[in-house]
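Sequence lines, in order, name chains P and D.
The first sequence lines up with residues 0 to 186 when you count with numbering that gives the first Met the number 0.
The second sequence lines up with residues 0 to 158 when you count with numbering that gives the first Met the number 0.
For each residue, glycine too, the CB sits at the ideal point set by N, CA and C.
Let me begin by presenting the structure, written as structure tokens, before commenting on it.
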Amino acid sequence: MNDQELATKIKNGDQNAFKQLYQEYQHLVYDISYRMSGNQEEAEDITQDVFIKIFHGVAKFRGEAKLSSWIYRIAVNTCLKRARRKKLESWISLEFLFQEQGQLEPVSPEVSPDQQIETAEKEQIVQEAIQSLPERQKTALILHRYENLSYEEIASVMEISLSAVESLLHRAKDNLTQKLLPMKKYL
Amino acid sequence: MKHKTIQKKLLRYLDEELSELEKVEVQRHLERCETCRDALQTVESLWIAERPLERKTAPPFLWTRISVQLGAEAEKGIFKGFKEPVRLALRPLVTVVVLLFIFFSGITLGDLMTGSSGDVTEISTERITDNFGMSYFEILPPGSLDASSLALTEKEVGR
């Protein structure tokens with residue numbers, strides 16, 4: 000069954016078709032939600048929101064773009080919306096005063112002799128550095144690096160031009176390098 | 000070129016995303032600068048080690064959560080076809096309409112039970128007179144103590 004057929008069946012209220020779509024795209028949605036939020040519980044809530052939005056909005060899918068791009072767009076927009084709301088909530092509740100933004104935890108090499116643990120620690124350093132990037136740079140980088148989307152697909156998902164994608168990725172990587180360099184002392 | 004400018008470009012250098020000119024500049028600088036070679040090693044060890052191979056997997060119970068939410072939305076009855084803000088606005092409106100209907104139905108039903116739609120005061124007076132054999136709407140109703148006294152007085156005066 001192709002994307003358009005699947006979408007049409009869901010439009011007509013076919014629950015099995017929706018379950019099929021969920022099974023096919025749950026990894027994609029959960030993965031991007033997890034990488035964008037950096038939190039498992041948040042990723043689960045976002046994934047749930049995204050699939051509810053897909054169910055209600057499938058009538059708007061006309062098959063002009065790939066279904067996966069359309070789903071990515073919903074997922075990215077949901078992540079950005081929740082991030083903005085969270086930021087606003089933290090300002091209102093003054094939580095930001097107690098948050099250590101961009102402060103990566105020191106990693107001690109003595110406690111991680113094992114290669115796997117060392118790799119996990121390096122992953123954590125990079126993940127935290129990515130989380131501290133501005134939202135749009137982070138989105139472009141995650142879509143490119145972890146979701147393996149082409150520049151054209153990123154442009155379609157983020158609804159921006161190709162040159163804007165290039166610029167975002169360029170700035171994201173330059174910023175990331177500057178955040179990673181001071182981590183040398185923890186390696 | 001300054002160290003900072005070179006170091007800023009190291010990730011893009013590793014991912015081969017620099018222009019040919021920039022690439023040559025960085026390579027030349029790295030050949031003669033140990034500090035920047037160290038920086039390259041740091042960035043490389045983090046960036047390469049971190050590269051993920053598989054997607055994060057959604058927990059198995061998530062489908063149940065989604066289907067339960069969809070089921071709950073489907074049970075929203077007459078409002079299900081509307082969007083959330085419209086649905087919220089419709090609820091009090093429907094409540095007011097229902098209350099008004101009950102109020103006016105009560106009045107109509109009351110009229111029907113009294114059997115007439117005439118003057119309420121008139122009907123009440125007639126019914127009360129019928130039921131108790133006296134009119135409570137006169138100054139001295141027949142059968143009252145004052146009326147009896149008046150009749151006795153008139154009789155005595157006549158005698």
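Sub-7 Å separation of residue i and residue j beta-carbons
i	j	result
residue 134 (chain P)	residue 82 (chain P)	yes
residue 62 (chain D)	residue 21 (chain P)	yes
residue 29 (chain P)	residue 46 (chain P)	yes
residue 155 (chain P)	residue 64 (chain P)	yes
residue 29 (chain D)	residue 175 (chain P)	no
residue 124 (chain P)	residue 182 (chain P)	yes
residue 153 (chain P)	residue 142 (chain P)	yes
residue 57 (chain D)	residue 25 (chain P)	yes
residue 91 (chain P)	residue 57 (chain P)	no
residue 16 (chain P)	residue 32 (chain P)	no
residue 121 (chain P)	residue 48 (chain D)	yes
residue 164 (chain P)	residue 145 (chain P)	no
residue 136 (chain P)	residue 84 (chain P)	no
residue 73 (chain P)	residue 52 (chain P)	yes
residue 65 (chain D)	residue 50 (chain P)	yes
Residue-chain proximity (residue i, chain D), Cβ-Cβ < 7 Å
i	result
residue 21 (chain P)	yes
residue 26 (chain P)	yes
residue 49 (chain P)	no
residue 2 (chain P)	no
residue 30 (chain P)	yes
residue 124 (chain P)	yes
residue 183 (chain P)	yes
residue 77 (chain P)	no
residue 150 (chain P)	no
Residue i in three-state terms, based on DSSP
i	result
residue 84 (chain D)	helix
residue 133 (chain P)	coil
residue 149 (chain P)	coil
residue 100 (chain D)	helix
residue 144 (chain P)	helix
residue 102 (chain P)	Low local confidence applies: a pLDDT of 41 at residue 102 (chain P) is under 50, so the model's placement there is unreliable, with the coordinate-based value given in what follows. Residue state, collapsed to three classes: coil.
residue 127 (chain P)	helix
residue 61 (chain P)	coil
residue 32 (chain D)	coil
residue 35 (chain P)	helix
residue 17 (chain D)	coil
residue 50 (chain P)	helix
residue 157 (chain D)	helix
residue 70 (chain D)	helix
Cβ-heavy atom distance, residue i to the ligand PLP, below 6 Å
i	result
residue 110 (chain D)	As for the ligand PLP, it is missing from this structure, which has no ligand bound.
Interface flag, residue i vs chain P, CB-CB below 7 Å
i	result
residue 63 (chain D)	no
residue 85 (chain D)	no
residue 71 (chain D)	no
residue 54 (chain D)	yes
residue 57 (chain D)	yes
residue 92 (chain D)	no
residue 9 (chain D)	yes
residue 34 (chain D)	no
residue 96 (chain D)	no
residue 25 (chain D)	no
Own chain partners of residue i with C-beta closer than 6 Å, once the 5 adjacent residues on each side are dropped
i	result
residue 3 (chain P)	62
residue 179 (chain P)	128
Chain-order list of residues whose beta-carbon lies under 7 Å from that of residue i (same chain, five-residue window excluded)
i	result
residue 170 (chain D)	As displayed, chain D neither begins before 0 nor continues past 158, which places residue 170 (chain D) out of reach and without an answer.
residue 68 (chain P)	152, 155, 156
residue 168 (chain D)	Chain D is shown from 0 up to 158; residue 168 (chain D) falls before or after that span and cannot be answered.
residue 160 (chain P)	154
Own chain residues within Cβ distance below 8 Å of residue i, not counting five before or after
i	result
residue 172 (chain P)	140
residue 78 (chain P)	31, 32, 35, 36, 45, 138
residue 54 (chain P)	9, 17
residue 75 (chain P)	31, 35, 138, 142, 156, 157
residue 32 (chain D)	2, 5
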